[in-house]
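Below: the structure, in structure tokens.
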Amino acid sequence: MAAAPEPGEAGKGKPFKLLGILDVENIPCARDSILHGSLGAAVAGLGHFLLTSRIRRSCDVAVGGFILVTLGCWFHCRYNYAKLRIQERIAREGIKNKILYENTHLDPERKQTNGNSSN
-9 MAAAPEPGEA GKGKPFKLLG ILDVENIPCA RDSILHGSLG AAVAGLGHFL LTSRIRRSCD
51 VAVGGFILVT LGCWFHCRYN YAKLRIQERI AREGIKNKIL YENTHLDPER KQTNGNSSN
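One point on numbering: in this note's numbering, the residue at position 107 of the sequence shown is 97, and numbering is uninterrupted.
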């Protein structure tokens, strides 16, 4: 049997696109936002229908719930994703500087240890 291909592997086939424009597989947070939005729509629409028994208004509430939950999850996830990317960039620059300046006269740790030992 052949091994299962990796999720981001090229040559896998056509990616799944929602409405022909949103590539759910490759855009971070898109899949989770759509799934949470659809669950929110079902809960909001069904809950409104059980309370009021008005079909058309319940469908409107379901669509509104989908939009609100999807956008809420999208912005929350993208904010955390951006924050993580900034932290990774800062850590990467710190590691690069540590490698670059280690055991040189510009090493800040070396200056601190020399300054403390001379006191």
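Here a beta-carbon is modelled for each residue, glycine too, at the ideal position from N, C-alpha and C. As the structure is a computational prediction, the values presented were derived from the model and not from experiment.
Legend entry - Contact under 8 Å by Cβ, Cys30 with Phe56: Along the sequence shown, one-based indexing puts residue 30 at 40. Along the sequence shown, one-based indexing puts residue 56 at 66. It is worth fixing the name first, because residue 30 is Gly in this sequence and not Cys. Cβ atoms of Gly30 and Phe56: closer than 8 Å.
Legend entry - Inter-residue Cα distance where the pair is Ala(-8) and Cys19: Along the sequence shown, one-based indexing puts residue -8 at 2. Along the sequence shown, one-based indexing puts residue 19 at 29. Caution applies to Ala(-8), whose pLDDT of 49 falls short of 50 and renders its modelled position unreliable; the model cannot decide the point.
Inset, instruction - Taking all protein chains shown into account, decide if Ala52 is buried (16 or more other Cβ within 10 angstroms of its Cβ) or exposed. - result: Position 62 of the sequence shown holds residue 52. Per the 10 Å Cβ criterion, buried.
Inset, instruction - Verify whether the separation of the beta carbon atoms of His38 and Ser28 is less than 8 Å. - result: Stepping through the sequence shown from its first residue, residue 38 is reached at position 48. Stepping through the sequence shown from its first residue, residue 28 is reached at position 38. Not a contact, by the Cβ cut-off of 8 Å.
Inset, instruction - From the DSSP output, in three-state form, read off Met(-9) for me. - result: Taking the sequence shown and counting its residues from 1, the one referred to as residue -9 is at position 1. Note that Met(-9) has pLDDT 42, beneath the 50 cutoff, so the model's placement of it is unreliable and the number below is only indicative. Here Met(-9) sits in coil by DSSP.
Inset, instruction - Could you have a look at Asp22 and say whether DSSP puts it in helix, strand or coil? - result: Residue numbering aside, residue 22 sits at position 32 when the sequence shown is read from its first letter. The answer is helix: DSSP assigns Asp22 an H, G or I state.
Inset, instruction - May I ask you to report which of helix, strand or coil DSSP gives Asp13? - result: Indexing the sequence shown from 1 puts residue 13 at position 23. The answer is strand: DSSP assigns Asp13 an E or B state.
Legend entry - DSSP state of His95 mapped onto helix, strand, coil: In the sequence shown, the residue the question calls residue 95 occupies position 105. Three-state DSSP puts His95 in coil, outside helix and strand.
Legend entry - Collapsed DSSP secondary structure at Arg100 in the structure displayed: The residue given as residue 100 occupies position 110 in the sequence shown. Residue state, collapsed to three classes: helix.
Inset, instruction - Could you check the C-alpha separation between Tyr91 and Gly84 for me, to the nearest Å? - result: In the sequence shown, residue 91 corresponds to position 101, counting from 1. In the sequence shown, residue 84 corresponds to position 94, counting from 1. One C-alpha to the other measures close to 10 Å.
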